[in-house]
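Take a look at the structure set out below.
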Amino acid sequence: MRLSDRSLRRLAWSAFVLFLLVVAVDIALSAAASADSTFATAGATAGFLGFMLLIASFPAVGVVIVLNQPRNRIGWLLLAIGAAWTASGLLDIYATWALAVQPDTAPGGYVALAVLNGSWVPGVALMGIWLILLFPDGRLPSPRWRWLSRVTVMVMVLGPLALTLAPGRIDFEPEPDGIENPLGVESLAPLLDILVPILLGLLPCCMVAAAVSLVLRFRRARGAERLQLKWLTTAGAFVAVSFVVGMTLSVPAVRDGLSISDTAMDLIDTVSFLSFLLVPVAVGVAVSRHGLYGIDAVISRALVVGALGVFITGVYVAIVVGVGALIGQQGPSVALSVVATAVVAVAFQPVRERVQRWVNRWVYGERATPYEVLADFASRVTGRYTTAELLPRLAETVSEGLGGARVEVWVRTGDDLVREVSWPAGMEPAEPVHVGANASLPLAGDRVVAVRHREELLGALVVTKPAGETVTPPEEAMLEQVATQAGLVLRNLRLIDDLKSSRVRLVASQDTERRRLERNLHDGAQQSLVSVALLTRMAAARASDPEVKKSLSDAGEQLQAAIDELRELARGIHPVVLTERGLGPALNSLAERAQVPVLVEADLRDRLPEAVEATLYLVAAETIRNAARHAGAGTVRVRVVLEDGDVRLEVVDDGAEGADPSVSTGLHGLGDRVAAVDGVIEVDSSVGEGTRIMCRVPVATARSAVLEEIS
Amino acid sequence: MSTTALIVDDHAMFRASTRLLLDLEGFDVVGEAADGASAVAEAERLRPDVVVLDVQLPDTTGFEIARVLLERRLVGRIVLVSSRHASDYGEQVGESGAVGFISKDELSGEALHTVLDNPRSDDAPQ
Numbered sequence: 007m008r009l010s011d012r013s014l015r016r017l018a019w020s021a022f023v024l025f026l027l028v029v030a031v032d033i034a035l036s037a038a039a040s041a042d043s044t045f046a047t048a049g050a051t052a053g054f055l056g057f058m059l060l061i062a063s064f065p066a067v068g069v070v071i072v073l074n075q076p077r078n079r080i081g082w083l084l085l086a087i088g089a090a091w092t093a094s095g096l097l098d099i100y101a102t103w104a105l106a107v108q109p110d111t112a113p114g115g116y117v118a119l120a121v122l123n124g125s126w127v128p129g130v131a132l133m134g135i136w137l138i139l140l141f142p143d144g145r146l147p148s149p150r151w152r153w154l155s156r157v158t159v160m161v162m163v164l165g166p167l168a169l170t171l172a173p174g175r176i177d178f179e180p181e182p183d184g185i186e187n188p189l190g191v192e193s194l195a196p197l198l199d200i201l202v203p204i205l206l207g208l209l210p211c212c213m214v215a216a217a218v219s220l221v222l223r224f225r226r227a228r229g230a231e232r233l234q235l236k237w238l239t240t241a242g243a244f245v246a247v248s249f250v251v252g253m254t255l256s257v258p259a260v261r262d263g264l265s266i267s268d269t270a271m272d273l274i275d276t277v278s279f280l281s282f283l284l285v286p287v288a289v290g291v292a293v294s295r296h297g298l299y300g301i302d303a304v305i306s307r308a309l310v311v312g313a314l315g316v317f318i319t320g321v322y323v324a325i326v327v328g329v330g331a332l333i334g335q336q337g338p339s340v341a342l343s344v345v346a347t348a349v350v351a352v353a354f355q356p357v358r359e360r361v362q363r364w365v366n367r368w369v370y371g372e373r374a375t376p377y378e379v380l381a382d383f384a385s386r387v388t389g390r391y392t393t394a395e396l397l398p399r400l401a402e403t404v405s406e407g408l409g410g411a412r413v414e415v416w417v418r419t420g421d422d423l424v425r426e427v428s429w430p431a432g433m434e435p436a437e438p439v440h441v442g443a444n445a446s447l448p449l450a451g452d453r454v455v456a457v458r459h460r461e462e463l464l465g466a467l468v469v470t471k472p473a474g475e476t477v478t479p480p481e482e483a484m485l486e487q488v489a490t491q492a493g494l495v496l497r498n499l500r501l502i503d504d505l506k507s508s509r510v511r512l513v514a515s516q517d518t519e520r521r522r523l524e525r526n527l528h529d530g531a532q533q534s535l536v537s538v539a540l541l542t543r544m545a546a547a548r549a550s551d552p553e554v555k556k557s558l559s560d561a562g563e564q565l566q567a568a569i570d571e572l573r574e575l576a577r578g579i580h581p582v583v584l585t586e587r588g589l590g591p592a593l594n595s596l597a598e599r600a601q602v603p604v605l606v607e608a609d610l611r612d613r614l615p616e617a618v619e620a621t622l623y624l625v626a627a628e629t630i631r632n633a634a635r636h637a638g639a640g641t642v643r644v645r646v647v648l649e650d651g652d653v654r655l656e657v658v659d660d661g662a663e664g665a666d667p668s669v670s671t672g673l674h675g676l677g678d679r680v681a682a683v684d685g686v687i688e689v690d691s692s693v694g695e696g697t698r699i700m701c702r703v704p705v706a707t708a709r710s711a712v713l714e715e716i717s
Numbered sequence: 003m004s005t006t007a008l009i010v011d012d013h014a015m016f017r018a019s020t021r022l023l024l025d026l027e028g029f030d031v032v033g034e035a036a037d038g039a040s041a042v043a044e045a046e047r048l049r050p051d052v053v054v055l056d057v058q059l060p061d062t063t064g065f066e067i068a069r070v071l072l073e074r075r076l077v078g079r080i081v082l083v084s085s086r087h088a089s090d091y092g093e094q095v096g097e098s099g100a101v102g103f104i105s106k107d108e109l110s111g112e113a114l115h116t117v118l119d120n121p122r123s124d125d126a127p128q
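If you read the protein sequences in the order shown, they are chains A and B. The numbering of the first sequence is this note's numbering, which starts it at 7 and goes up by one. The numbering of the second sequence is this note's numbering, which starts it at 3 and goes up by one.
Take a look at the structure:
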């Protein structure tokens with residue numbers, strides 16, 4: 007069953023509302039318990055409320071994500087995290103209520119306590135493994151990580167089960183020794199004694215593995231995905247640092263050494279606890295992509311402010327404490343403080359600039375010098391890059407040269423400018439912009455540079471620097487230089503496009519010519535021969551003289567042979583069955599008439615564009631002919647499948663010799679033909695193992711090419 | 003009274019040969035047409051018992067004409083002929099409502115009678 011987006015959104019809302027209701031019940035029960043009981047303190051209740059707030063932030067972000075992207079699994083994962091912890095919290099409160107606050111009023115208190123014992127496992131696994139493993143697109147980084155998802159599912163199912171059934175004492179605050187697990191199964195004890203440590207040991211191992219997957223994903227990621235991962239890792243790093251700091255400071259020796267007050271310690275604890283909130287927030291920003299591009303600025307600001315804080319503190323400590331100790335000063339000295347302030351004031355600006363440079367280099371990566379950018383781009387222009395690759399390379403190169411600036415390349419088509427690429431990729435789509443008569447460029451950015459070739463406006467480069475940075479004069483000069491070279495590139499692209507469409511037209515007109523020729527043969531010579539053959543047969547049937555009859559029959563048979571030859575010729579030029587019934591039947595008919603056994607597997611429901619059908623038919627026919635003639639093939643297998651908007655044709659023969667595309671002119675000619683419909687053809691042949699020809703043609707592009715040809 | 007026949011083919015020489023064949027086989031060839039439109043007009047005027055219909059016509063296909071003729075009950079039985087093989091056309095032959103398909107290579111009095119005496123021809127609208 008596949009739910010509609012609307013039902014999914016409704017489901018998410020309902021789950022969230024249910025979650026809020028349960029939280030409200032939790033809180034009410036918890037408050038009642040603390041008011042009514044001797045063991046639950048106000049502090050515990052406050053801690054519980056804080057915990058619920060933290061937990062609520064996950065499904066809250068989750069519901070926002072689902073409302074925008076109902077099919078993104080991350081949103082549902084966040085909702086599941088909320089559900090897991092709420093269920094656990096509800097069990098906790100219920101057990102407390104039923105066992106300690108109002109004994110005998112509610113049944114099943116001990117059972118709730120036993121189930122509670124293992125209920126933390128799913129919540130921890132969802133947060134610590136699934137979220138990290140599936141972030142940011144809700145899919146595994148690659149199928150190679152399936153084992154981790156399987157192990158995690160196993161731990162999530164078996165862990166709570168094993169903990170619930172393990173016999174032994176369970177912690178229960180009112181009883182100092184805890185209570186005996188009411189659901190414990192004594193006979194399972196030997197098994198569970200081994201299973202429980204293994205399962206609980208697997209949990210941190212899986213978390214480490216998930217973290218490794220995140221690191222690998224980050225190293226592989228480009229563009230927007232890299233930024234998404236940066237958000238999560240930044241939040242994670244902040245949580246880790248604040249926890250380490252909090253834990254270090256709470257060590258009694260450290261705490262006394264630095265004489266941290268209770269209030270300060272509470273503050274530190276609260277901060278490290280609340281820092282956990284950054285995780286759902288970062289996930290929300292990353293998945294919704296709202297403000298995604300701000301991450302580098304956030305990191306950069308935080309690092310600069312932090313470094314300046316360290317600098318100022320260091321100067322004060324060094325001068326006031328260090329110099330004070332050297333000159334034997336007891337207690338704070340006003341003079342030294344003034345000196346320290348003066349040093350900070352004078353050094354601040356140069357230090358800030360220096361720190362900013364370091365941080366930029368670290369955050370945005372090593373930036374190339376303008377000369378390097380130009381040299382790199384020039385080599386790329388002259389190198390063998392296809393149309394599709396060149397413009398993203400241009401944007402990437404300029405972005406590198408400008409220290410991670412956002413770069414857009416707009417290309418002129420007619421009177422409009424269209425944004426072809428942007429770096430980093432994944433920006434919001436942009437509307438085409440009309441170029442006025444005065445050829446002004448109504449584009450928004452820190453710098454807009456026109457790209458021209460011989461005064462003709464061909465496009466524009468738009469640069470937006472990271473917040474707080476400006477385009478420097480050397481960068482400005484580099485942009486102008488790149489724009490000059492880009493003029494050449496855009497002109498070449500236009501020429502290539504023209505060439506390609508003319509090649510498509512050529513192929514289409516070839517096809518038309520073949521069909522015309524086939525029809526002419528059929529309508530002209532063949533029809534006349536068929537009529538004559540009919541007359542001859544009739545005459546033969548009526549002739550009374552046996553010799554005449556024999557001559558006429560012979561003439562009829564020879565005529566028939568000529569007709570058959572002519573028909574084969576016409577079929578080779580352009581088979582009628584292809585025009586009439588499409589690729590599948592045409593391939594079957596080809597197989598029936600082939601000199602070698604041919605197995606055809608064509609999984610096509612609809613007709614394909616004419617140019618695609620004709621191209622694939624010719625590839626198959628040529629390959630089968632090749633196999634029959636040269637390769638000494640046993641059986642040829644032909645397979646046609648639709649795959650992600652591409653048609654894939656595979657022809658495999660088990661012949662002893664291979665086909666070499668550079669030798670076989672037939673196959674070489676096919677390469678050009680396939681390229682004309684934006685396809686690729688690969689010939690894989692090794693002596694003794696037969697030949698495999700793989701041809702892949704996009705349906706959509708070819709369709710539009712044909713439409714263009716028709717228009 | 004002999005069976006009346008209409009020949010539809012854009013090829014004059016083939017029409018002449020077919021007319022000769024049909025005459026010899028005892029049919030009464032009442033008319034000829036060279037394209038789909040005149041085929042329908044002639045059928046309307048002559049109401050022939052049998053139409054020998056070429057698949058490839060300059061203005062349309064024999065399948066289309068067969069459908070029109072049978073729908074409007076203008077003719078008895080239709081025999082499709084073509085210089086191509088039936089396999090080039092696949093299911094269209096069976097769906098056209100014609101009683102049979104004869105490749106022009108195999109056209110003979112015997113082939114015509116075999117197709118017309120086929121039990122399926124009894125189902126054809128009269």
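Positions of the beta carbon are idealized from the N, C-alpha and C atoms, including for glycine.
The beta carbon of A/N594 sits closer than 6 Å to the beta carbons of V606 from its chain, once the five residues preceding and following it are set aside; these are given in chain order.
When DSSP reads this structure, A/L208 sits in no beta bridge, so it has no partner.
A/P704 carries a strand assignment under DSSP once its states are collapsed to helix, strand and coil. Within the same chain, and ignoring the five residues on either side of A/F249 in sequence, the residues whose Cβ sits closer than 7 Å to its Cβ are S278.
Using a Cβ-Cβ distance cut-off of 8 Å, the stretch 155-165 of chain A and the stretch 220-236 of chain A are not in contact, since fewer than three pairs of beta carbons, one from each stretch, lie closer than that value. Taking the beta carbon of A/L540 as reference, the chain B residues within 9 Å of it are F16, S19, T20, L22, L23, K106, D107, L109 and S110, listed in sequence order. The beta carbon of A/I569 sits closer than 9 Å to some beta carbon of chain B. The stretch 493-505 of chain A makes no contact with the stretch 28-38 of chain B; the number of CB pairs closer than 8 Å stays below 3.
In the structure shown, the three-state DSSP call for A/A450 is coil. DSSP places A/F282 within a helical segment (H, G or I) once states are collapsed to three. A/R577 and A/S515 have their C-alpha atoms spaced approximately 18 Å apart.
Between A/G115 and A/L105, the beta carbon gap of about 4 Å places them in contact (Cβ cut-off 8 Å).
An exposed status is given to A/P113, since fewer than 16 other beta-carbon atoms sit within 10 Å of its beta-carbon. The beta carbon of B/H13 sits closer than 9 Å to some beta carbon of chain A. Distance check between A/D421 and each of A/L447, A/A492 and A/W19 places A/L447 closest, using alpha-carbon atoms only. By the C-beta density criterion, A/R16 is exposed, having fewer than 16 other C-beta atoms within 10 angstroms. The Cβ neighbour count for A/C211, taken over all protein chains shown within 10 Å, is under 16; the residue is labelled exposed. Within a 10 Å sphere around the beta-carbon of A/M484 sit 16 or more other beta-carbons, which makes this residue buried. Against chain A, a Cβ distance below 7 Å from B/G92 picks out R587 and P591. Annotated three-state conformation of B/S84 is strand, per DSSP.
Between the beta-carbon of A/L137 and that of A/L83 there is about 6 Å, and that keeps the pair under the 8 Å contact cut.
Residue contact with chain A for B/L8: absent (no Cβ-Cβ distance below 9 Å to any residue of chain A).
At least 9 Å separates the CB of A/Q516 from every CB of chain B. When the beta-carbon positions are compared, A/L535 and A/I579 stay at least 9 Å from each other.
Residue pairing by DSSP places B/Q58 opposite B/T63 in a beta bridge.
For B/H13, the three-state secondary structure derived from DSSP is coil. With contact defined as three or more Cβ pairs closer than 8 Å, the stretch 345-364 of chain A and the stretch 323-330 of chain A are in contact. In the structure shown, the three-state DSSP call for A/E437 is coil. Between A/P615 and A/T621, the alpha-carbon positions lie close to 10 Å from each other. The C-alpha of B/S85 is placed about 21 Å away from the C-alpha of B/S40.
Boundaries around A/A466 are those of the beta strand (DSSP E), E462 to T470, since no alpha helix (DSSP H) includes it. The alpha-carbon of B/A14 is positioned some 23 Å away from that of A/Q564. Residue nearest to B/A45 within the set B/L24, B/E27 and B/I9 is B/I9 (criterion: CA-CA distance). Where A/V157 is concerned, there is no enclosing beta strand (DSSP E), although the alpha helix (DSSP H) around it starts and stops at R152 to L171. A/M133 sits buried, since 16 or more C-beta atoms from the chains shown fall within 10 Å of its C-beta.
By the neighbour-count criterion, in which 16 or more other beta carbons inside 10 Å mark a residue as buried, A/E553 falls on the exposed side.
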